[in-house]
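S.K.: Going left to right, the sequence shown walks through residues 86 to 338 as the working numbering numbers them.
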Amino acid sequence: MAEEKESTSVPLSQDDPEDPAKAPLTSSNSSSREACCYVLQSWVSKKFMTGCVVLFPVAVTFFITWWFIQFVDGFFSPLYEGLGIDIFGLGFITSLLFVFLVGVFVSSWMGATVFWLGEWLIKKMPFVRHIYSASKQISSAISPDQNTTAFKEVAIIRHPREGEYAFGFITSTVTLQRDDGDEELCSVYVPTNHLYIGDIFLVNSKDVIRPNLSIREGIEIIVSGGMTMPQIISPVERTPRQSDRIPLNRLST
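1. Of all the options Ile154, Lys237 and Ser116, which has the alpha carbon lying nearest to the alpha carbon of Cys271?
2. Quick check on the burial criterion: 16 or more other C-beta atoms within 10 angstroms. Buried or exposed for Ile318?
3. Secondary structure at Glu302, three-state DSSP: helix, strand or coil?
4. Classify Ile149: buried if its beta carbon has 16 or more other beta carbons within 10 angstroms, exposed otherwise.
5. Under a Cβ-count criterion, where at least 16 other Cβ atoms within 10 Å of its own Cβ denotes burial, should Asn334 be classed as buried or exposed?
6. Could you spell out where the alpha helix (DSSP H) holding Leu259 opens and where it closes?
7. How many angstroms separate the CA atom of Val139 from the CA atom of Ser309?
8. Cutting at 7 Å between CB atoms, please list the residues of its own chain near Asn289, excluding the five before and the five after it.
9. Over the uninterrupted alpha helix (DSSP H) stretch that includes Ile207, give me the two end residues.
10. Under three-state DSSP, which class holds Ile318?
11. Which two residues bound the contiguous alpha helix (DSSP H) that contains Phe183?
12. Which partner residues of Pro163 appear in the DSSP bridge assignment?
13. Is Ile172 helix, strand or coil by DSSP?
14. If you draw a straight line from the alpha carbon of Lys131 to that of Ile154, how long is it in whole angstroms?
15. Going by DSSP, which residues form a beta bridge with Leu287?
16. I want to check one thing, is the minimum distance from the CB of Gly176 to the heavy atoms of the ligand NAP below 7 Å?
17. Return helix, strand or coil for Pro142, following the three-state DSSP convention.
18. What do you get for Leu186, buried or exposed, if any count of 16 or more other CB atoms within 10 angstroms of its CB means buried?
19. Could you say which of Ile294, Gln316, Cys122 and Gly159 lies nearest to Thr179 if we only look at CA atoms?
20. Classify Ile170: buried if its beta carbon has 16 or more other beta carbons within 10 angstroms, exposed otherwise.
21. What would DSSP say about Arg246, mapped onto helix, strand or coil?
22. Counting only the same chain and skipping the five closest in sequence on each side, list residues whose C-beta sits under 6 Å from that of Val321.
23. What does the alpha-carbon distance come out to for the pair Met61 and Trp152?
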């Protein structure tokens, strides 16, 4: 019996997991697997985020475009469905043609008169007139026909203190009569929270920097939070050359 116990004790000591000869090898293999898993996980995560960054603007653009087409198509598609015509996109094309014809009609004397009467009636409504007024200001700001209510120019002023600049829009000019002479001031609208929620500053015309940006480009810069800011901004008073272009933070008196 003693011999049998001794014979069985030998293999048990050989299979001991705490054998110091095998421990370093097991630890090395485990560290290698963890390192490989970490590298693979980091690579997959990076490529996945790269795919998200590439596909996100494409998906948003496709979604908004598809929603816009369906929305516009819904104005006239019920009319064609009543006539038994079921062609997707026909209502969208009809809506675009309708908008074009409205633009042609309003550009005429008769159309302008009808539009003026309709606008007069809307402005008499208690609640609707405020919505219409705000919507008209937005459309006037980006209208190709720059009227008295639209933004005139994109402006850069020193605000809130010296050495800092703010984007704004010139809405009008005013002459300030003083004892030592008249001073021409520009009414500069600087958006703060929203495009039509902001502050109005009266700035001397000589202190207003007029960049080479259109009204639409200025609105895009503000709405996008500055993400569409061009790398180089030059005043419109001079034609920039390749050698004398300077960044915005170096524009000074």
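Glycine is no exception: its CB is placed at the ideal position from the N, C-alpha and C atoms.
What you are looking at is a predicted structure, and each value in this text was computed from that prediction instead of being measured.
M.R.: Reading from the atomic positions:
1. Numbered from its first residue, the sequence shown carries residue 271 at position 186. Comparing Cα positions, the closest option is Lys237.
2. For the purposes of this step, residue 318 is taken as the residue at position 233 of the sequence shown. Under this definition Ile318 is a buried residue.
3. Position 217 of the sequence shown holds residue 302. Residue state, collapsed to three classes: helix.
4. Within the sequence shown, the letter at position 64 stands for residue 149. Classification of Ile149: exposed, given that the 10 Å Cβ count is below 16.
5. Taking the sequence shown and counting its residues from 1, one reaches residue 334 at position 249. Here Asn334 scores only 45 on pLDDT, less than 50, and its place in the model is too uncertain to base an answer on.
6. Taking the sequence shown and counting its residues from 1, one reaches residue 259 at position 174. Looking at the sequence itself, residue 259 is Val, so the reference to Leu does not match. Element bounds for Val259: not the alpha helix (DSSP H) but the beta strand (DSSP E), Tyr250 to Arg263.
7. The count along the sequence shown starts at 1 and reaches residue 139 at position 54. The count along the sequence shown starts at 1 and reaches residue 309 at position 224. Taking the straight line joining both Cα atoms gives about 18 Å.
8. Counted from its first residue, the sequence shown places residue 289 at position 204. The residues are Glu268 and Leu270.
9. What you label residue 207 is simply residue 122 of the sequence shown in a count that begins at 1. Per DSSP, Ile207 belongs to the alpha helix (DSSP H) from Trp194 to Lys208.
10. For the purposes of this step, residue 318 is identified with residue 233 of the sequence shown, where counting begins at 1. Correct three-state label for Ile318: coil.
11. Looking up residue 183 in the sequence shown gives position 98. From DSSP, the alpha helix (DSSP H) with Phe183 extends over Leu175 to Val191.
12. Translated into the one-based positions of the sequence shown, residue 163 becomes position 78. Pro163 pairs with nothing; no bridge assigned.
13. Translated into positions along the sequence shown, residue 172 becomes position 87. Here Ile172 sits in coil by DSSP.
14. Numbered from its first residue, the sequence shown carries residue 131 at position 46. Numbered from its first residue, the sequence shown carries residue 154 at position 69. Rounded to the nearest angstrom, the two C-alpha atoms are 35 Å apart.
15. By 1-based counting over the sequence shown, the position of residue 287 is 202. Answer is Ser272, bridged to Leu287.
16. In the structure shown, the ligand NAP is absent, as is every other ligand, since no ligand is present at all.
17. Within the sequence shown, numbered from 1, the residue matching residue 142 stands at position 57. Helix, per DSSP.
18. Looking up residue 186 in the sequence shown gives position 101. Classification for Leu186: exposed.
19. For the purposes of this step, residue 179 is taken as the residue at position 94 of the sequence shown. Closest option to Thr179, Cα to Cα, is Gly159.
20. Position 85 of the sequence shown holds residue 170. Label assigned to Ile170: exposed.
21. To locate residue 246, count along the sequence shown from 1; it is residue 161. Three-state DSSP puts Arg246 in coil, outside helix and strand.
22. By one-based count along the sequence shown, residue 321 stands at place 236. Contacts found: Arg295 and Asn297.
23. With the chain covering 86 to 338 only, the question about residue 61 has no answer from this structure.
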